[in-house]
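Below you'll find the structure, written out as structure tokens, and then a few comments.
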Amino acid sequence: MAVKKIKWYKIEETAEELLFNENNIAEVKVKDKKICLIKTHDGIKACASRCPHAGGDMMDAFLDKNENIICPVHRYVFNLDNGRDLNNEGYYLKIYPVQMNAEGIFLGMEEGGLFSWWG
Ligand code: FES
């Protein structure tokens, strides 16, 4: 089985530079992909900007009391650690790893997939 390589992309120096909305969600672009960053009590988490159900804009999502993310369109609830939909309909929200250290905030993306040569 092929091991997926993670490449890390610097997003910002500090969390203070990110423009979080009132629901603690900010949008950034990494490699032409829109990514949502979510401020939680466990640090910053990251997910795709589109809901896997019907493409809802996760920038307008909100968090429940357990810091799961709720899509604004049909209110599916997704776990921000593994992307699983808690409605058990089998949808997965793409989750990206985030690292914060003295050099900044970094988002990890898988490299070397079948279509990686598309850029
Ligand atoms: S588009 Fe997100 S739950 Fe339907």
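Take the sequence shown: its letters are residues 407 to 525, numbered as in our numbering.
Beta carbons are placed, not taken as given, at the ideal position from N, Cα and C, and that holds for glycine.
Buried is the label assigned to residue 491, since at least 16 other Cβ atoms lie within 10 Å of its Cβ.
Burial check for residue 460: the Cβ neighbour count within 10 Å stays below 16, so the residue is exposed.
Residue burial is scored here from C-beta neighbours: residue 503 has fewer than 16 other C-beta atoms within 10 angstroms and is therefore classed as exposed.
Just so you know, the alpha carbons of residue 435 and residue 454 end up roughly 11 angstroms apart. CA-to-CA, the gap between residue 487 and residue 451 works out to about 8 angstroms. In this structure the segment 433 to 447 touches the segment 461 to 470; the number of beta carbon pairs closer than 8 angstroms is three or more. Under the criterion of beta carbons closer than 8 angstroms, residue 489 and residue 499 qualify as touching, at roughly 4 angstroms. For residue 508, the shortest separation between its Cβ and any heavy atom of the ligand FES does not lie below 7 angstroms.
Residue burial annotation: residue 432 is buried, with at least 16 other C-beta atoms found within 10 angstroms of its C-beta. Membership of residue 489 in any beta strand (DSSP E) is not indicated, and neither H nor E is assigned to it by DSSP. In this chain, the beta strand (DSSP E) harbouring residue 415 covers 411 to 418. Distances from the CB of residue 457 to the heavy atoms of the ligand FES include at least one below 7 angstroms.
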